[in-house]
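Data first, discussion second: the structure below is written as structure tokens.
Protein chains: 2
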Amino acid sequence: MKKTRKYATISDVAEHAGVSIATVSRVLTGNTPVIEETAERVRAAIAELRFVPRTAARTLASRKTNTIGLILSEIGGAFFPHLLKGIEAEVRTAGYELLIHSTQGVRQHQHRAVGEHNTDGLLVFTSSLELDELKRLHSMNFPLVLMHQTPPADLNIPVITIENKDGAEMLVSHLIEKHGRRRIVYMQGPEGHEDSQWRERGYREALEKHNIPFDPSLVVKGEFDEEQASSTMQQMIADGIEFDAVFAGDDDAAMGVYRALKLTSRIIPDDVAVVGFDDIQFARYISPALTTIRAPIEEVGREAVRQLIHLLNGQQAQSLVLMRTELVIRESCGCALSDHHQ
Amino acid sequence: MKKTRKYATISDVAEHAGVSIATVSRVLTGNTPVIEETAERVRAAIAELRFVPRTAARTLASRKTNTIGLILSEIGGAFFPHLLKGIEAEVRTAGYELLIHSTQGVRQHQHRAVGEHNTDGLLVFTSSLELDELKRLHSMNFPLVLMHQTPPADLNIPVITIENKDGAEMLVSHLIEKHGRRRIVYMQGPEGHEDSQWRERGYREALEKHNIPFDPSLVVKGEFDEEQASSTMQQMIADGIEFDAVFAGDDDAAMGVYRALKLTSRIIPDDVAVVGFDDIQFARYISPALTTIRAPIEEVGREAVRQLIHLLNGQQAQSLVLMRTELVIRESCGCALSDHHQ
DNA sequence: ACGCTTTCTGAAAACGCTTTCACGCATGAA
DNA sequence: TTCATGCGTGAAAGCGTTTTCAGAAAGCGT
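Protein chains in written order, with numbering that gives the first Met the number 0: chain W, 0 to 341; chain Y, 0 to 341.
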């Protein structure tokens, strides 16, 4: 009585083709030459038995998982699909698999879900991984690449991020130079959010460059969130704070600003110019169309994977890759109406 | 001289705690009782050695990958983040890992990237998997759940999708009953797209229900795409086809319709009412705000995972889950301006 | 006190591959 | 002819777990 196994194994193939399992393995991996005639027999056997090698066995034997892990704190957010798209494409091109893990509200360390035991390397987005774990992995030379997060000073981990500061500076300078705005609000993102910190720095540098004194009362909480931005803005207006432009921190917050301004009958851009950051899909559809910064998020994903692959191949990775941002001028800053809408 | 291994293994832990590896394994899996005192010693050893069990070894030995695979044809699209968010959350709650694979422009069968060899079950979105492969997997009793795609008649694979037909009917009935529209255009999605087919059926049923004769010249190509929808609409206008409302198929296409109508100076909703489907994020921001159908995409993802988990546990799964859709009335159909925007 | 469970633990056998090592054989040089 | 060389292949040793099987120890009813 034959043992009825659910799937064919390498031994079945070997037997069927009249060779040893070693030979089958060799045509599978292709890392050792096999006489073409034999190889063909093996391939035929594989096809006939519909043999698919178990990943676990391969991984165990070869000590390579052929998988790249992606850790992020939250799925969702406007940039996320772009990032993932880039990552996925590049991972696939490189012949790896992609394991995704979100640390959203999870007590970490409970069961280390992703790490050296199931991936060859890790892509870490923003602050999705605890510092301890980051250090632990780095200390055992585990390949890591960070995205939108600079590593602790003493750890040399490659980083891919965008030119937040330059982008912000372009934006604010544009408001000052082209539209003569001088009381420009900056709405900060979440506490400790790196992107936000850099954007604020860009904001300040633009002010400095144009000799506009920095006014702390113009820097407020936007949290990169529509609701928060809207209520903050309404509060500012109620408080009677004067301003002629708002750099909302990101486009989501800009939506909230729009709402608050419309509610209080301010005209954009006549009364208040508004600019965002990210160029989310409907920045161009909203009325007036939003002036913002476009960042090559998809490219960030691709580049992160590329650097990680370098690491996996034992090569050096670039320790910092800054992706160039681009000013997208539409209507909300006060520039002429584009011909695209209305 | 001690062998310097990179990571601690179960034997190291066993030795360190003065027990056999079997015992360590037992406290790891928790499937066999171990005296508390011993267990504590083992846990201490694990912590001290920073031991993390290799997934590959566990998988090989236990024949369970503890991983759920997600196959889709394309990353991106407005619904995608929602879907993924639901899936990821539920997968994590269930204690599984998530392996993502896109079949975007890949010659399939080349290297079966995801399947029985590296996952316990598969979530298949729309037509991302070849029929052959689907049949093969199903025939070996591999757990599968489809999303937004009904399976070939002879295969009993659970499906999760939304009530496209009901949604479409609500939409069209609303246009007829509340706004007296009678010449309503339907813009089809891509050839063979199931969602589109059901929506068209809903459109037709609404017409029938109100005794409006079906006019084939009002059913056109929208491809669920802004560009395509825009040019189709312009063509219709150029051809002098009369209509007083457009059901664009989805919200993306509705954007294209907006553009075409504005270009030709038609007023929405006075001249032409427009409705979409999906309630993408900026449906409420565009002007006039778009009347559309909201579908619980995130819930589709969650439910798909739940059904798959049932299958994984050897339980029965519901063969069809239809998620209820909801009419979201805004301005583009002709209803009173909401208080949300202007 | 005696068998009979029951509970915990260790030895050892899988799990299904990759990879090292060695061997047989053909080849070309001496 | 002989010897080194190299190529294709098979045997077998891992890879690091889980799980089965059996045995020791402990509890329990009579």
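For every residue, glycine included, the Cβ atom is placed at its ideal position computed from N, Cα and C.
Compute the distance between the beta-carbons of residue i and residue j, then report whether it is under 8 Å.
i	j	result
His-178 (chain Y)	Gly-333 (chain Y)	yes
Phe-281 (chain Y)	Ile-86 (chain W)	no
Leu-98 (chain W)	Gly-68 (chain W)	yes
Val-171 (chain W)	Phe-242 (chain W)	no
Val-304 (chain W)	Val-90 (chain W)	yes
Gly-201 (chain W)	Glu-226 (chain W)	no
Tyr-229 (chain W)	Arg-203 (chain W)	Checking the sequence, you will find Ser at residue 229 (chain W) rather than Tyr. Going by C-beta atoms, Ser-229 (chain W) is not nearer than 8 Å to Arg-203 (chain W).
Asn-65 (chain W)	Glu-96 (chain W)	yes
Would residue i be called buried (16 or more neighbouring beta carbons within 10 Å of its own) or exposed?
i	result
Asp-24 (chain W)	The sequence given here has Ser at residue 24 (chain W), not Asp. Result: buried.
Glu-297 (chain Y)	buried
Asn-117 (chain W)	buried
Ser-19 (chain Y)	exposed
Ala-335 (chain W)	exposed
His-81 (chain W)	buried
Ser-264 (chain Y)	exposed
Gly-239 (chain W)	exposed
Ile-34 (chain Y)	exposed
Asp-270 (chain W)	exposed
Phe-78 (chain Y)	buried
Arg-180 (chain W)	buried
His-108 (chain Y)	Because the pLDDT at His-108 (chain Y) is just 49, under 50, the model does not fix this residue reliably, and the point stays unresolved.
Asp-251 (chain Y)	buried
His-209 (chain W)	exposed
Ser-138 (chain W)	exposed
Leu-128 (chain W)	buried
Could one say the Cβ of residue i lies closer than 8 Å to chain Y's Cβ atoms, at least one of them?
i	result
Ala-56 (chain W)	yes
Ile-74 (chain W)	yes
Met-322 (chain W)	no
Val-41 (chain W)	no
Met-232 (chain W)	no
Val-51 (chain W)	yes
Glu-143 (chain W)	Looking at the sequence shown, residue 143 (chain W) is not Glu but Leu. Not an interface residue.
Gln-411 (chain W)	The requested residue 411 (chain W) is not part of the displayed model; chain W covers only 0 to 341.
Lys-134 (chain W)	no
Glu-87 (chain W)	yes
Ser-286 (chain W)	yes
Phe-79 (chain W)	yes
Thr-291 (chain W)	no
Excluding the 5 residues flanking residue i on each side, which residues of the same chain have their C-beta closer than 7 Å to its C-beta?
i	result
Asp-338 (chain W)	Its pLDDT being 42, under 50, Asp-338 (chain W) is placed unreliably by the model, and the measurement read from it follows with that caveat. Same-chain partners within the cutoff: there are none.
Met-0 (chain Y)	Note that Met-0 (chain Y) scores a pLDDT of 34, beneath 50, so its modelled location is shaky; the value from the coordinates is reported in the next line. Excluding positions up to five away in sequence, the list is empty.
Leu-311 (chain Y)	Asp-119, Gly-120 and Pro-142
Leu-27 (chain W)	Pro-52
Under 8 Å Cβ to Cβ from residue i, same chain only, skipping five residues before and after it: list those, please.
i	result
Gly-114 (chain W)	Gly-68, Leu-121, Glu-132, Leu-136 and Phe-141
Gln-187 (chain W)	Ser-195, Glu-199, Val-218, Val-219, Lys-220, Gly-221, Glu-222 and Gly-248
Leu-48 (chain Y)	Ala-7, Asp-11, Val-12 and His-15
Pro-151 (chain W)	Leu-130, Leu-133 and Lys-134
Lys-5 (chain W)	none
When you compare the CB of residue i with every CB in chain W, is at least one pair closer than 8 Å?
i	result
His-340 (chain Y)	Interpretation of His-340 (chain Y) is limited by its pLDDT of 41, a score under 50 that renders its predicted location unreliable; the figure taken from the coordinates is listed afterwards. Yes, because at least one Cβ of chain W sits closer than 8 Å to the Cβ of His-340 (chain Y).
Gly-114 (chain Y)	yes
Lys-84 (chain Y)	yes
Leu-59 (chain Y)	yes
Ile-99 (chain Y)	yes
Arg-91 (chain Y)	yes
Gln-148 (chain Y)	no
Met-186 (chain Y)	no
Asn-30 (chain Y)	no
Thr-263 (chain Y)	no
Asn-312 (chain Y)	no
Glu-96 (chain Y)	yes
Apart from the five residues just before and just after residue i, which ones in its own chain have a Cβ nearer than 6 Å to its Cβ?
i	result
Phe-50 (chain W)	Ala-7 and Val-12
Thr-290 (chain Y)	Val-274, Ile-328, Arg-329, Ser-331 and Cys-332
Ala-16 (chain W)	Arg-40, Val-41 and Ala-44
Asp-278 (chain W)	Thr-291, Arg-293 and Val-327
Lys-163 (chain Y)	Reading off the sequence, residue 163 (chain Y) comes out as Asn, not Lys. The residues are Asp-194, Trp-197 and Arg-198.
Gln-233 (chain Y)	Ala-259
May I ask you to check if the CB of residue i is nearer than 7 Å to at least one heavy atom of the ligand NAP?
i	result
Thr-28 (chain Y)	This structure lacks the ligand NAP; in fact it carries no ligand of any kind.
query = Taking one C-beta from the stretch 260–277 of chain W and one from the stretch 54–62 of chain W each time, how about it: are there three or more such pairs within less than 8 Å?
reply = In short, these stretches do not touch, since the Cβ pair count stays below three.
Three CB pairs or more closer than 8 Å across the stretch 142–161 of chain Y and the stretch 312–326 of chain Y = yes
request  = Would you check if the stretch 72–79 of chain Y and the stretch 50–58 of chain W touch, i.e. whether three or more CB-CB distances between them fall below 8 Å?
outcome  = no
key: Segment contact flag, the stretch 159–176 of chain W with the stretch 39–52 of chain Y, C-beta cutoff 8 Å, min 3 pairs   = no
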